[in-house]
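Colleague: One structure follows; several queries about it will come next.
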């Protein structure tokens, strides 16, 4: 089906589904991207003209199959079979599924695979005890469809019970990545009063996104009629659809299910009589609050990374590639914040220019006072450039405020980089860039081996600037690099570190997609050798741009590192015990766990806190960080003011963050870090989640361990094992 920034919309007309050729021709003229067709049972299939009328290209891209259940999508033959044999013990024990039902569906799926159809729609899970039987059917079909990449979409109503039925079905199938949900957006009038509130619906959508939500369907009866007789959605449905598009609009599929039921549609509805529904849906996609999320340059850059697991960088062990440096440098927020922090540090230091002349000559100019900045892990030099720019900004302000010539201050920058390939670039910049020439000295060394006399010309460092932070703050071993440097002869007690502090946060996350991706990592070769294996795969943390995921609780603080360290820096181990209380909204305002919390969603879901939205399943933990780059400085703008009180007032800290509670909007250098659970953890309504995290070190290795327990009223309901004990599966090398 059509990919890219365009919203993919299909059409289902029950009366036309046996002939996909004619319907597709009409639908594409009206602007639809795909249509549905009823799948034939190959043993007794009627002759279909569309099989020869459509080439393989159209079957592979523009047709979705629907399983024929004789018009009954709510009652499964497996249930009927079980009921008819409920007095026969032997029959009941052997009724794993209705053979005729399974065989019928299997033949239809077989034909879909043969034709290369990308997805098929199956009926919803049964509402009673037939879910295990149905799961057996789905699992068999999913395994059969794996080789062809056929997706299986299970119809699901937007109610708490329907989502629980689907979630049970998916878990019984062991979470196959090719089984997902098509969610029906139905008229509010057909739902109970409690379930029909927009707050409750928003919470359920938040849950559904973590359950492999692939598509949504709008029956035409869901649309209201506006004053001109055209279809429109209720305000509540518009709010829900807007949130869905903002969250997963880049890969969500939409299906309009006819026939047309609005007066004006027949006259201006195109060949399908349903063009007005499509036009309205596409109109909603163009709203500014949606385009501001889906159509920005940042959105385009990050699209290839959505839900794609990457092992965290090991910058002390490995050298980064040129393209990776180049990507990081596109961040419009991070480097501006670093420049602000360096400026604040200079203002706080308040270096006084030398005004004394040499004793041997009354005509000699004052010797400039030199400020020494070391950039630890300079890469291609963006922090070097920002440090120089901050210095010039400071000199300009100083000259304006004190009438002191700025040339009485000098700057010396040491670009410290262990990657010899990156050093070549830095040396070129130092030689050819006008701002760098005579100011920057490139030093090819590990910052932990820096020598004051061999590398710094005997100078002491005034400011250390580094971007050694990882997605969890300390997971790229910033403490192990900065503390030895700050304690060395290269620094003094007055040396400033940027960042001065960073904190790790963690929260539970619900995401069938992330769990399936982690499971599939088991087949990936480990360091070019044997496959990683399931134990290592599920005990490894991954950096990921979360997308088809739902953070279920507000993140909590694990631990903090300060530079300079407040106490002995030798022990860098940490541990945290976190208690996540029941949240009936499942933290819907936090979305996928990447990006700022949405106060509008928080307001919407607050009205539904008393409603029952069921249980939730969590598939691991999401880690994030906040970092204080500099605190207790002076504000550049304030020092320009004539008010002495404003120039001496302390500033708010200059900080960056990927934690949703204070996310730095527009910054994309870091994605969250995902700590998977070996098995999903079901959290019944009203239950607490206890999480334990450890940061451990030994010799030349640092690793994390994690586990979680679900409990209620003092009783343990479910628990995970401790993941990655002794760093057996994953660690960071010093």
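In full-length UniProt numbering, the protein residues as written are 1 to 734. The C-beta atom is built at its ideal place from N, Cα and C for all residues, glycine as well. These figures come from a predicted structure and were not determined experimentally.
By the three-class DSSP mapping on this structure, what secondary structure does residue 285 have?
Modeller: Residue state, collapsed to three classes: helix.
Colleague: Roughly how many angstroms lie between the CA atoms of residue 374 and residue 142, to the nearest whole one?
Modeller: Straight-line Cα distance between these residues: approximately 56 Å.
Colleague: May I ask you to report which of helix, strand or coil DSSP gives residue 636?
Modeller: At residue 636, the pLDDT of 35 sits below 50, so the modelled position is not reliable and the matter cannot be decided from this model.
Colleague: To the nearest angstrom, how far is the alpha carbon of residue 715 from that of residue 687?
Modeller: About 10 Å.
Colleague: Which value, in whole angstroms, describes the spacing of the CA atoms of residue 478 and residue 657?
Modeller: Using only the alpha carbons, I get a separation of about 16 Å.
Colleague: Nearest-angstrom Cα distance between residue 388 and residue 491?
Modeller: Distance between the alpha carbons of residue 388 and residue 491: 20 Å.
Colleague: Going straight from the alpha carbon of residue 278 to that of residue 155, what length do you get?
Modeller: Their backbone Cα atoms lie some 21 Å apart in a straight line.
Colleague: Taking 8 Å as the cut-off, decide whether the C-beta atoms of residue 151 and residue 180 are in contact.
Modeller: The answer is yes: Cβ separation under 8 Å.
Colleague: Just to confirm the assignment, what range does the beta strand (DSSP E) spanning residue 497 have?
Modeller: Element bounds for residue 497: 491 to 498.
Colleague: With 16 other CB atoms within 10 Å as the buried threshold, where does residue 603 fall?
Modeller: Under this definition residue 603 is an exposed residue.
Colleague: Using the Cα positions of residue 420 and residue 315, report the straight-line distance between them to the nearest angstrom.
Modeller: C-alpha separation (whole angstroms): 13 Å.
Colleague: Please report the distance separating the alpha-carbon of residue 40 from that of residue 270.
Modeller: Answer to the nearest angstrom: the Cα atoms are 28 Å apart.
Colleague: Within a Cβ cutoff of 6 Å, which residues of the same chain sit near residue 587, ignoring the five residues on either side of it in sequence?
Modeller: Within the same chain, residue 587 has close Cβ partners 551, 552, 553, 554.
Colleague: Could you tell me the boundaries of the alpha helix (DSSP H) in which residue 335 lies?
Modeller: 334 to 349 is the extent of the alpha helix (DSSP H) around residue 335.
Colleague: Consult DSSP for residue 129 and reduce its assignment to one of helix, strand or coil.
Modeller: In this structure, residue 129 counts as coil in the three-state DSSP scheme.
Colleague: Unbroken beta strand (DSSP E) runs of length 3 or more, entirely within the stretch 175 to 243: which are they?
Modeller: For the stretch 175 to 243, whole beta strand (DSSP E) runs of length 3 or above, ordered along the chain, are 179 to 184, 213 to 219.
Colleague: For the beta strand (DSSP E) holding residue 461, just list the boundary residues, first then last.
Modeller: That run of the beta strand (DSSP E) goes 461 to 466.
Colleague: Among 218, 114, 631, 219, which has the Cα closest to the Cα of residue 337?
Modeller: Residue 631 is the option with its Cα nearest to residue 337.
Colleague: Check whether the stretch 718 to 727 touches the stretch 581 to 595, counting contact only when three or more Cβ pairs, one atom from each stretch, lie closer than 8 Å.
Modeller: No contact exists between the stretch 718 to 727 and the stretch 581 to 595.
Colleague: Quick check: residue 339 and residue 394, are their CB atoms within less than 8 Å of each other?
Modeller: Cβ atoms of residue 339 and residue 394: not closer than 8 Å.
Colleague: Looking only at DSSP bridge pairs, what is residue 660 linked to?
Modeller: In the DSSP output, where bridge partners are listed per residue, residue 660 has none listed.
Colleague: Going by alpha carbons, who is nearest to residue 626 out of 414, 215, 654, 584?
Modeller: With distances taken between Cα atoms, residue 626 lies closest to 654.
Colleague: Give a yes or no on whether the C-beta atoms belonging to residue 67 and residue 120 are separated by under 8 Å.
Modeller: Cβ distance < 8 Å, so residue 67 and residue 120 count as in contact.
Colleague: Relative to the C-alpha of residue 601, which residue among 198, 55, 173, 19 is closest?
Modeller: Nearest of 198, 55, 173, 19 to residue 601, Cα basis: 198.
Colleague: Quick check: what's the CA-CA separation for residue 473 versus residue 573?
Modeller: Using only the alpha carbons, I get a separation of about 14 Å.
Colleague: Under a three-way DSSP split, which group does residue 730 fall into?
Modeller: Looking at residue 730 - three-state DSSP - the assignment turns out to be coil, as it is neither helix nor strand.
Colleague: Among the residues of its own chain, which have a CB less than 7 Å from the CB of residue 226, if the five just before and after it don't count?
Modeller: The residues are 232.
Colleague: Just tell me which of 525, 546, 544 has its CA closest to the CA of residue 536.
Modeller: Among 525, 546, 544, the Cα nearest to that of residue 536 belongs to 525.
Colleague: Which residues bound the alpha helix (DSSP H) around residue 381?
Modeller: No alpha helix (DSSP H) contains residue 381, which DSSP labels as neither H nor E.
Colleague: Counting only the same chain and skipping the five closest in sequence on each side, list residues whose C-beta sits under 7 Å from that of residue 135.
Modeller: Within the same chain, residue 135 has close Cβ partners 169, 172, 173.
Colleague: With DSSP as the reference, label residue 679 as helix, strand or coil.
Modeller: Strand at residue 679.
Colleague: Distance, Cα to Cα, residue 157 vs residue 566?
Modeller: In a straight line, the C-alpha of residue 157 is about 55 Å away from that of residue 566.
Colleague: Out of 392, 367, 428, which one is the CA nearest neighbour of residue 380?
Modeller: Of the candidates 392, 367, 428, the one whose C-alpha sits nearest the C-alpha of residue 380 is 428.
Colleague: Exposed or buried, which one is residue 700 when buried takes at least 16 other CB atoms within 10 Å?
Modeller: Exposed is the call here.
Colleague: Between 230, 145, 234, which has its C-alpha nearest residue 187's C-alpha?
Modeller: Checked all of 230, 145, 234; the closest Cα to residue 187 is 234.
Colleague: Quick check: what's the CA-CA separation for residue 512 versus residue 619?
Modeller: Going from the Cα of residue 512 to the Cα of residue 619 covers about 7 Å.
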